[in-house]
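Colleague: Number 1280 marks the last residue of the sequence shown (the working numbering); no jumps.
Note that the Cβ used here is the ideal one computed from N, Cα and C, for glycine as well.
Quick one: the structure is below, questions incoming.
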Amino acid sequence: MKKTGMKHLAAALCALMACTALNGCSTAPKEPADQPSNTEFDVTDSAEVVIVGGGGTGISAALTAVEEGAESVILVEKLPELGGFMRMKTGQFSAANTTLQKEQGLTEDSVERYTEEILKFGNSNGGHPIEYLVESYAKNATEAWEWIYQMGVKDYPFMTDSEGNKVIVNPGHMPYEYNRTYVPLPKEDSKLGNPAIEVMLNELAKKDQIRVYTSVAGTRLITNEKGQVCGAEGIGTDGRTYQFQSQRGVIMSTGGYAANPKLFEAYSTDLQNLISAALSSDDGYGLRMMQEVGAGITEEAMGWIETYPKGMINEGSTTQGVNGSTGTYYTGGILVNLDGKRFINECAWDDEVRNAGLKAQPESYMFEIFTDKILEDTQGTLRGAYDSFKEGGIYRSRLVEADSLEALAEKLQIPADALVKTVEDYNAAVEAGVPDEFGREFEVKPNENRVEAVNKIEGDHYYALKLQPIVLSSRGGICVNENNQVVTDEGTVIPGLYAGGEVVGQMWGKTIAPGVGMNGAVTWGRITGRNIMTLPLAEGYEVKPAANMFDLSLFEKTENKTEGQDFKDLTDGEYEGAAQGMNAEVKVKVTVEKGLISKIEIVEHQESEGISDPAIEQMPTRIIEAQSSKVDAVTNATMTSNAICHAVENALQ
628 MKKTGMKHLA
638 AALCALMACT
648 ALNGCSTAPK
658 EPADQPSNTE
668 FDVTDSAEVV
678 IVGGGGTGIS
688 AALTAVEEGA
698 ESVILVEKLP
708 ELGGFMRMKT
718 GQFSAANTTL
728 QKEQGLTEDS
738 VERYTEEILK
748 FGNSNGGHPI
758 EYLVESYAKN
768 ATEAWEWIYQ
778 MGVKDYPFMT
788 DSEGNKVIVN
798 PGHMPYEYNR
808 TYVPLPKEDS
818 KLGNPAIEVM
828 LNELAKKDQI
838 RVYTSVAGTR
848 LITNEKGQVC
858 GAEGIGTDGR
868 TYQFQSQRGV
878 IMSTGGYAAN
888 PKLFEAYSTD
898 LQNLISAALS
908 SDDGYGLRMM
918 QEVGAGITEE
928 AMGWIETYPK
938 GMINEGSTTQ
948 GVNGSTGTYY
958 TGGILVNLDG
968 KRFINECAWD
978 DEVRNAGLKA
988 QPESYMFEIF
998 TDKILEDTQG
1008 TLRGAYDSFK
1018 EGGIYRSRLV
1028 EADSLEALAE
1038 KLQIPADALV
1048 KTVEDYNAAV
1058 EAGVPDEFGR
1068 EFEVKPNENR
1078 VEAVNKIEGD
1088 HYYALKLQPI
1098 VLSSRGGICV
1108 NENNQVVTDE
1118 GTVIPGLYAG
1128 GEVVGQMWGK
1138 TIAPGVGMNG
1148 AVTWGRITGR
1158 NIMTLPLAEG
1168 YEVKPAANMF
1178 DLSLFEKTEN
1188 KTEGQDFKDL
1198 TDGEYEGAAQ
1208 GMNAEVKVKV
1218 TVEKGLISKI
1228 EIVEHQESEG
1238 ISDPAIEQMP
1248 TRIIEAQSSK
1258 VDAVTNATMT
1268 SNAICHAVEN
1278 ALQ
């Protein structure tokens, strides 16, 4: 792998590229605002295959294209590092008839059974998936999983059940009727949270055929006189312009639009206090790039929003948060609303039960209420988040603590008498040992319910965690056929244009089945990388924009300045402060000399490597130069930028 990032190409390579493959190509119609319209580019490059979007799907597609004989592949990524959302978190995978299943004696699974269950999930809650895409995924999912498993995932630890089995009942969702979920975990020395992306990136580094451009956002597709997509243009974070030519076409794996509230609002009103855990790059602009050459979108599914009742909002933000929960409701905790009352069976298998209950509550907020004993009992459970919320854990600062329920209620600004009565009634139900008014049971029955431990809410110390709806991914997107070729609303294939991953619309329906999000990224990469190398390139398509193309205003960025304060007349000394970042607290040390900030050190953080690095490097300088935290956040690292600003503010209070 050759990584160019924002570095200048070698003079010889630039000279070569300036003379190659520019013949017969034209930019697509409908030029995006603020993008170059001329034919002069700072960097030009060409390859057999161009891939826009360097998450799990894009990386998988690049590796697969090389396996299929590609001598050159260009992989373009908007963020500073490859990996996308898979880079940030451990995820669950699913597939049928796998090596792990056979080792565990699970020999009765089938692709047909897997397909039926995915469709069952997708058809729930008013959704309807595209069956031919589900069938295509299920047929290819086993090979994709075995591919990354043999590539190195097999050498990582796995989440196991109480008997040590690696094929488990999926935590947090309705389970499959047949166990087929796998959760590989990072090693102690892992730099990334997801073993799958780590092994693929390691493999990518070995491939000289693949040239990587990071910090470059795709802006438009290039077509030729034959109606074929033959490349893409982009712009770097430093303003340089790029043109990438392709012999076989372009794979679009740019992700969804879960970080673009404007697009959500254009199609849905179900957004009360909704926050997003998606990457800033998930703005949906890749959809518009394809619309410019005529691609259809799954209009109905654009408004499908699958949210989770686990959103922890980031300090200083109104739209961004972290997907997380203590899981203590499985070991004795309860959920209460702003009135201090329970409203749901907290131990329901499916998050959708809690999610629907949460959305019906005042302002769509709820609190997890629990004790030290209840938190300790989450250790070893499939849902346990003990390490994150224990003393010293990365999310410990998110908890509200008090020595009594009355004091806790005061801090939460909810009625104390109601909370006390709620806990008294709950404790009485625990003593009675029979299902309560919400159907919650108080008996541990492995694989029959989600009760991991039975506890009363009592003791010398009480905790609460505020949660709200959070979205991780989008459901609408571009239209493709059974080969993942992008098509118009009428079903006409756009030659040379493929799409895979979250950018494809409606494939899962409204509710995604366990493990298909992560394994889907790998699988769609395998499919698109293989097809672009093996299917014939048609011609004769008339290039024209889609009739329902998204308005550019949906992608306009608001001013990228952090909310903050000016620093004046400071007292000399060294000060320490902290604020919640993307993954955990960001801690800083601020030095003040002669009444001015002279130095800011980031003394501790657990931000995602690569994505947050520009903010870690640049934000201290920006704050010092302005003597203010009202400074521009670093592009694509807004959460970390805000955390640094708030940590400095907290240090100087």
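Can you tell me whether Gln1040 is buried or exposed? The criterion is at least 16 other CB atoms within 10 Å of its CB, across all chains shown.
Modeller: Looking at its Cβ environment, which holds fewer than 16 other Cβ atoms inside 10 Å, Gln1040 is exposed.
Colleague: Does the pairing of the segment 891 to 899 with the segment 684 to 703 give three or more beta-carbon distances under 8 angstroms?
Modeller: No, the segment 891 to 899 is not in contact with the segment 684 to 703.
Colleague: Can you find the residues in the same chain that come closer than 8 angstroms, C-beta to C-beta, to Asn887, ignoring five residues on each side of it along the sequence?
Modeller: If we look at Asn887 and ignore the five residues flanking it on each side, its Cβ neighbours are Asp909, Asp910, Gly911, Leu1181 and Phe1182.
Colleague: Which class does Leu1002 belong to by DSSP, given the choice of helix, strand or coil?
Modeller: Leu1002 falls in the helix class under three-state DSSP.
Colleague: By a C-beta neighbour count over all protein chains shown, 10 Å radius and 16 as the cutoff for buried, is Lys834 buried or exposed?
Modeller: Its Cβ being crowded by 16 or more others within 10 Å, Lys834 is buried.
Colleague: Report the option in Ser673, Gln1280, Trp774 and Ala823 whose CA atom is closest to the CA atom of Ala683.
Modeller: The sequence as given places Gly at residue 683; Ala does not occur at that position. Taking only the C-alpha atoms, the option nearest Gly683 is Ala823.
Colleague: Answer with buried or exposed for Asp1004, where buried requires no fewer than 16 other C-beta atoms within 10 angstroms of its C-beta.
Modeller: Its Cβ being crowded by 16 or more others within 10 Å, Asp1004 is buried.
Colleague: Kindly indicate which three-state DSSP category Leu1279 falls into: helix, strand or coil?
Modeller: Of the three classes helix, strand and coil, the one that applies to Leu1279 here is helix, per DSSP.
Colleague: Pick out whichever of Ala1206, Lys766 and Asp999 has its Cα sitting closest to the Cα of Arg1025.
Modeller: Out of Ala1206, Lys766 and Asp999, Ala1206 has the C-alpha closest to the C-alpha of Arg1025.
Colleague: Near Met939, which residues of its chain fall below 6 angstroms by C-beta distance, leaving aside the five closest residues on each side in sequence?
Modeller: Answer for Met939: Gly948, Val949, Gly951 and Arg1025, listed in chain order.
Colleague: Please report the residue range of the beta strand (DSSP E) in which Phe871 lies.
Modeller: From DSSP, the beta strand (DSSP E) with Phe871 extends over Thr868 to Met879.
Colleague: Rounded to whole angstroms, how far is the Cβ of Thr955 from the Cβ of Glu1085, which I believe are closer than 8 angstroms?
Modeller: No, Thr955 and Glu1085 are not in contact; Cβ-Cβ is about 14 angstroms, not under 8 angstroms.
Colleague: Quick one: measure Cβ to Cβ for Leu906 and Phe712, integer angstroms, because I've assumed they're closer than 8 angstroms.
Modeller: Right, their Cβ atoms sit about 6 angstroms apart.
Colleague: Using 7 angstroms as the limit for Cβ to Cβ distance, is Val693 near chain C?
Modeller: Annotation note: the requested chain C is absent from the structure, which comprises a single protein chain.
Colleague: Thinking just about the alpha-carbon of each residue, which of Asp966, Gly943 and Ala975 is nearest to the one in Thr958?
Modeller: Out of Asp966, Gly943 and Ala975, Ala975 has the C-alpha closest to the C-alpha of Thr958.
Colleague: If distances are taken between C-alpha atoms only, which option among Lys937, Leu1046, Lys1257 and Asp977 comes closest to His1273?
Modeller: Closest by alpha carbon: Lys1257.
Colleague: In this structure, does DSSP put Val1098 in helix, strand or coil?
Modeller: Strand, per DSSP.
Colleague: According to DSSP, is Ser664 helix, strand or coil?
Modeller: Because Ser664 carries a pLDDT of 44, less than 50, the predicted location of this residue cannot be relied on, and no value is offered for it.
Colleague: With DSSP run on the structure shown, which of helix, strand or coil describes Leu1092?
Modeller: Residue state, collapsed to three classes: strand.
Colleague: Quick check: the segment 1124 to 1135 against the segment 926 to 933, are at least 3 beta-carbon pairs closer than 8 angstroms?
Modeller: Yes, the segment 926 to 933 touches the segment 1124 to 1135.
Colleague: Using three-state DSSP, classify Arg807 as helix, strand or coil.
Modeller: Three-state DSSP puts Arg807 in coil, outside helix and strand.
Colleague: Leaving out five residues on either side along the sequence, give the residues of the same chain with a beta carbon under 7 angstroms from the beta carbon of Ala844.
Modeller: So the qualifying residues of the chain are Lys705, Gly861 and Ile862.
Colleague: Just to confirm, is the Cβ distance from Tyr764 to Thr1150 under 7 angstroms?
Modeller: Taking 7 angstroms as the Cβ cut-off, Tyr764 and Thr1150 qualify as a contacting pair.
Colleague: Using the beta-carbon count (16 or more within 10 Å), is Pro1163 buried or exposed?
Modeller: Answer is exposed; the Cβ neighbour count stays below 16.
Colleague: If Ile878 sits next to Thr1155, beta carbons under 8 angstroms apart, how far is it from one beta carbon to the other, in whole angstroms?
Modeller: Sure, about 5 angstroms apart at Cβ, within 8 angstroms.
Colleague: Within the same chain, show all residues whose beta-carbon is closer than 6 angstroms to that of Ala1140, passing over the 5 residues directly before and after it, in chain order.
Modeller: Contacts found: Ile745 and Phe748.
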